[in-house]
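Trainee: Numbering (UniProt numbering), first residue to last: 1 to 210. Below is one structure. I have some questions about it.
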């Protein structure tokens, strides 16, 4: 791991968050929830930290583009979910397509096994979240299930350990967020709390620690 690579991650993340990530998210919120101009600094800082964590965990790998594309989509989708309580298809579908292309391209370098890992990871994550959504539709929406498939593909190519950390991390972060929100009196037991940001945070933890 070179200092140049880490600096590049910080600079690249800052640039991505400053305009394209924020712009991508802003297109999918209504006028009432529109982001303030000062939010550019928040988007830039968050995306920069996410890029740094991913590059630190993944390193200079043919699979790095998969993780970075997920990071861009994940930060944008999380921002929309926090404001609108939804995960728009207009973010999830392009993310899925670009990540699929990145996985296919990596297959030429890493080997065809990454294709099977992506398929298995995405399918398994879809099943887990699909079951949760069926059992508790008030706490898990279809946007979460779709995001789960993308996360499963992304984490699957990095191996089982990364996948498991990402899955467990999402529910751990989500549980902590719910407890803090309840303790601060900002929500009741029946309140809907956006789960997308917790899913993205869990996935990033998997990429960092897996």
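Ideal Cβ placement from N, Cα and C applies to all residues, glycine included. Note that the structure is a prediction, hence the values are computed from the model and not measured.
Check each candidate in 141, 10, 124 and name the one with the smallest Cα separation from residue 45.
Mentor: The sequence position of residue 45 within the chain shown is 45, counting from 1. Comparing Cα positions, the closest option is 10.
Trainee: Would you kindly report the start and end of the unbroken alpha helix (DSSP H) that includes residue 212?
Mentor: Only positions 1 to 210 of the chain appear in the structure, and residue 212 is not among them; the question remains open.
Trainee: Do the CB positions of residue 126 and residue 149 come within less than 7 Å of each other?
Mentor: The residue labelled residue 126 in the question sits at position 126 within the chain shown. The residue labelled residue 149 in the question sits at position 149 within the chain shown. Closer than 7 Å, so yes.
Trainee: In chain order, what residues of the same chain lie with their CB nearer than 8 Å to the CB of residue 171, ignoring the 5 residues before and after it?
Mentor: Here the question's residue 171 lines up with position 171 in the chain shown. Once the five neighbours on either side are set aside, the close Cβ partners of residue 171 are 198, 202.
Trainee: On the criterion of 16 or more Cβ atoms from any shown chain inside 10 Å, does residue 154 qualify as buried, or is it exposed?
Mentor: Within the chain shown, numbered from 1, the residue matching residue 154 stands at position 154. Answer is buried; the Cβ neighbour count reaches 16.
Trainee: Are there 16 or more other CB atoms within 10 angstroms of the CB of residue 116, so buried, or fewer, so exposed?
Mentor: The sequence position of residue 116 within the chain shown is 116, counting from 1. The residue in question, residue 116, is exposed, as its Cβ has fewer than 16 Cβ neighbours within 10 Å.
Trainee: Considering only the beta carbon of each residue, do residue 146 and residue 82 sit closer than 7 Å?
Mentor: On the chain shown, residue 146 is found 146 positions in, with the first residue counted as 1. On the chain shown, residue 82 is found 82 positions in, with the first residue counted as 1. Contact flag unset, no.
Trainee: If you reduce the DSSP assignment to three classes, tell me which class residue 22 lands in.
Mentor: One-based indexing of the chain shown puts residue 22 at position 22. Looking at residue 22 - three-state DSSP - the assignment turns out to be helix.
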